[in-house]
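Working notes for the structure below.
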Amino acid sequence: MLSLVQQQLGGGQPPGTVAATADEVLGVLKNNNPNKREEIEKLLNPMSNHDFDQMVSFGNLITDFQEEEDNVMIDDNVGFTIVFDEEEEQEEENGFYCCV
């Protein structure tokens, strides 16, 4: 699935971007939206019927996918996922901040 997403993005994307996009594609495949192809092509480039069928097949094989919770926001202008770390926010509120 990752290689197909990378191919659709045009290659050369960082692995994190490819993985985040694949998560978004899986989210579209797993919801009950009848316009799955249209939604996926908004995330990726237009694709052939064969590539779309492969994407659907991969999605059907993945059975442990869960949507992210409310601490995730999609930045539509940039095209990648931003994850807010609640623990980090609590440390900042308490005056403690440390980066690993």
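With the numbering used here applied, the sequence shown has no gaps in its numbers, which climb one by one up to 105 at the end. Built from N, CA and C at the ideal position, the CB exists for glycine as well.
#1: Got a sec, what are the start and stop residues for the alpha helix (DSSP H) Thr68 sits in?
#2: If we ignore side chains and look at the alpha-carbon of each, how far apart do Asn76 and Asn36 end up?
#3: Can Glu44 and Asn50 be called in contact, C-beta distance under 9 Å?
#4: Taking the C-alpha atoms as reference points, what is the distance between Asp28 and Pro19?
#5: Kindly indicate which three-state DSSP category Asn76 falls into: helix, strand or coil?
#6: Quick one: measure Cβ to Cβ for Tyr34 and Lys41, integer angstroms, because I've assumed they're closer than 8 Å.
#7: Pick helix, strand or coil for Asn54, following the three-state DSSP scheme.
#8: Quick check on the burial criterion: 16 or more other C-beta atoms within 10 angstroms. Buried or exposed for Gly15?
The relevant details are as follows:
#1: Taking the sequence shown and counting its residues from 1, one reaches residue 68 at position 63. It is not in any alpha helix (DSSP H) - Thr68 carries neither H nor E in the DSSP assignment.
#2: Taking the sequence shown and counting its residues from 1, one reaches residue 76 at position 71. Taking the sequence shown and counting its residues from 1, one reaches residue 36 at position 31. Its pLDDT being 49, under 50, Asn76 is placed unreliably in this model, and the coordinates cannot settle the point.
#3: What you label residue 44 is simply residue 39 of the sequence shown in a count that begins at 1. What you label residue 50 is simply residue 45 of the sequence shown in a count that begins at 1. The answer is no: Cβ separation not under 9 Å.
#4: What you label residue 28 is simply residue 23 of the sequence shown in a count that begins at 1. What you label residue 19 is simply residue 14 of the sequence shown in a count that begins at 1. One C-alpha to the other measures close to 15 Å.
#5: Walking along the sequence shown from the start, residue 76 turns up at place 71. Bear in mind that the predicted position of Asn76 carries a pLDDT of just 49, short of 50, making it unreliable; the figure below should be weighed with that in mind. Three-state result, Asn76: coil.
#6: Reading the sequence shown from its first residue, position 29 is the one you call residue 34. Reading the sequence shown from its first residue, position 36 is the one you call residue 41. Inspection of the sequence shows that residue 34 is occupied by Leu rather than by Tyr. Right, the Cβ-Cβ distance comes to about 6 Å (below 8 Å), so this counts as a contact.
#7: Here residue 54 corresponds to residue number 49 of the sequence shown, with the count starting at 1. Looking at Asn54 - three-state DSSP - the assignment turns out to be helix.
#8: Counting from one through the sequence shown, the residue named residue 15 turns up at place 10. With fewer than 16 Cβ atoms within 10 Å of its Cβ, Gly15 is classed as exposed.
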